[in-house]
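In the numbering used here, the protein residues as written are 11 to 297.
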């Protein structure tokens, strides 16, 4: 698969000139896998203003590319962010609109960690102008590429699929009580993907109960901005978000180590979900 990336002009500090904004590889099948929160890079001039706790990046979707390494054997497109969600959250609306009404949401440019610890030191709060600059420099190129690729897949196949790959700690009181289910599928309450597609994906997750994994569909996590914005079943574009509990594949405490002994159990389920989605698209194309 040819690999391409988008570079950010103007970053010169400490050897980070031309740092890739994202990594992109193009496949021929009608699926784009998006990894918007797996990045860990923070430009030095931003990191210098952050609190010590924030610089450990506790809210990263850790090791998602490693967990999804089976994608290298599939002919699908992949876009992976390189910068931390603390620089800007690629899964939030550009106008900063809250994802969940009445919830304690995080912002387009987050100001606190999931544990409500300030991200910026006293006196270093972001201005509206800086948020706008980051939106143009970091957020827009990623979304331009997602939109371009989905349009290309739709033109080529008559259908386009988007799998938005996420993970989160199993316990985050800010967002939910108790332990999160292991597999959390979201289609914006049914608005972002066909009902029968979600049905067969949920069936795969249900089968994983036999090996100890729990699941939910359109529960606490219904899909973020990416799922909600790009999913358009009537136009042949179907978007699904998976929020995976991190306890299924890694140590949730620092240094956030990847656990291959756990990953080898969860990875086949992930592969089954992706392959089921592709098989569904093939049947739709033949219908």
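Backbone N, C-alpha and C fix where the C-beta goes; we use that ideal spot for every residue, glycine too.
Of the residues the options, the one placed nearest residue i, counting alpha carbons only
| i | options | result |
| --- | --- | --- |
| residue 50 | 37, 31, 38 | 31 |
| residue 140 | 230, 281, 75, 121 | 121 |
| residue 240 | 262, 273, 202, 258 | 202 |
| residue 84 | 281, 290, 294 | 281 |
| residue 38 | 147, 159, 79 | 159 |
| residue 179 | 206, 74, 108, 69 | 69 |
| residue 219 | 206, 191, 133 | 191 |
| residue 132 | 233, 61, 245 | 61 |
| residue 147 | 237, 174, 166, 93 | 93 |
| residue 81 | 296, 175, 207, 259 | 175 |
| residue 55 | 106, 111, 130 | 130 |
| residue 106 | 275, 138, 215 | 138 |
| residue 156 | 236, 206, 79 | 236 |
| residue 108 | 238, 177, 259, 71 | 238 |
| residue 274 | 76, 166, 200, 150 | 76 |
| residue 258 | 162, 142, 222 | 222 |
Helix, strand or coil at residue i according to DSSP, with G and I counted as helix
| i | result |
| --- | --- |
| residue 98 | coil |
| residue 134 | coil |
| residue 32 | strand |
| residue 124 | coil |
| residue 43 | strand |
| residue 293 | helix |
| residue 239 | helix |
| residue 77 | helix |
| residue 149 | helix |
| residue 253 | strand |
| residue 67 | coil |
| residue 174 | strand |
| residue 282 | helix |
| residue 189 | coil |
| residue 244 | helix |
| residue 210 | helix |
| residue 103 | coil |
| residue 20 | Interpretation of residue 20 is limited by its pLDDT of 30, a score under 50 that renders its predicted location unreliable; the figure taken from the coordinates is listed afterwards. DSSP places residue 20 in coil when its eight states are reduced to three. |
| residue 196 | strand |
| residue 82 | helix |
| residue 56 | helix |
| residue 51 | strand |
| residue 277 | helix |
| residue 215 | helix |
| residue 221 | helix |
| residue 287 | helix |
| residue 227 | strand |
| residue 181 | coil |
| residue 7 | Past the boundaries of the shown model lies residue 7; the chain is included only from 11 to 297, so the question cannot be answered. |
| residue 91 | strand |
Close Cβ partners of residue i (< 7 Å) along its chain, the five nearest in sequence each way excluded
| i | result |
| --- | --- |
| residue 261 | 267, 269 |
| residue 204 | 243, 248 |
| residue 246 | 164, 168, 169, 170 |
| residue 57 | 65 |
| residue 74 | 45, 48, 175, 177 |
| residue 277 | 77, 80 |
Cβ neighbours of residue i in the same chain (closer than 6 Å, five flanking residues each side left out)
| i | result |
| --- | --- |
| residue 171 | 40, 41, 248, 287, 291 |
| residue 124 | 69, 182, 184 |
| residue 279 | 218 |
| residue 207 | 248, 290 |
Beta-carbon proximity list for residue i, same chain, < 8 Å, skipping 5 on both sides
| i | result |
| --- | --- |
| residue 216 | 225 |
| residue 233 | 174, 196, 197, 198, 202, 241, 249, 250, 251 |
| residue 64 | 96, 123, 127, 128, 129, 130 |
| residue 135 | 121 |
| residue 72 | 48, 177, 256, 260, 266, 268 |
| residue 293 | none |
Within-9 Å CB hit, residue i to chain D
| i | result |
| --- | --- |
| residue 206 | Annotation note: the requested chain D is absent from the structure, which comprises a single protein chain. |
Near the ligand HEM: residue i beta-carbon under 8 Å from a heavy atom
| i | result |
| --- | --- |
| residue 85 | In terms of ligand content, the structure shown is empty, and the ligand HEM therefore cannot be addressed. |
Query raised in the report: Taking three-plus beta-carbon pairs below 8 Å as touching, is the segment 31–44 in contact with the segment 83–92?
Result: yes
Query - the segment 220–228 contacting the segment 178–188, beta-carbon criterion three pairs below 8 Å - result: no
Query raised in the report: Are at least three pairs of beta-carbons, each pair with one atom in the segment 282–292 and one in the segment 204–212, less than 8 Å apart?
Result: yes
Report task. For the segment 113–120 and the segment 98–105, state whether three or more C-beta atom pairs, one from each stretch, are separated by less than 8 Å. Result -> yes
Query raised in the report: Counting Cβ pairs, one atom from each stretch, are 3 or more of them under 8 Å apart for the segment 236–256 and the segment 190–205?
Result: yes
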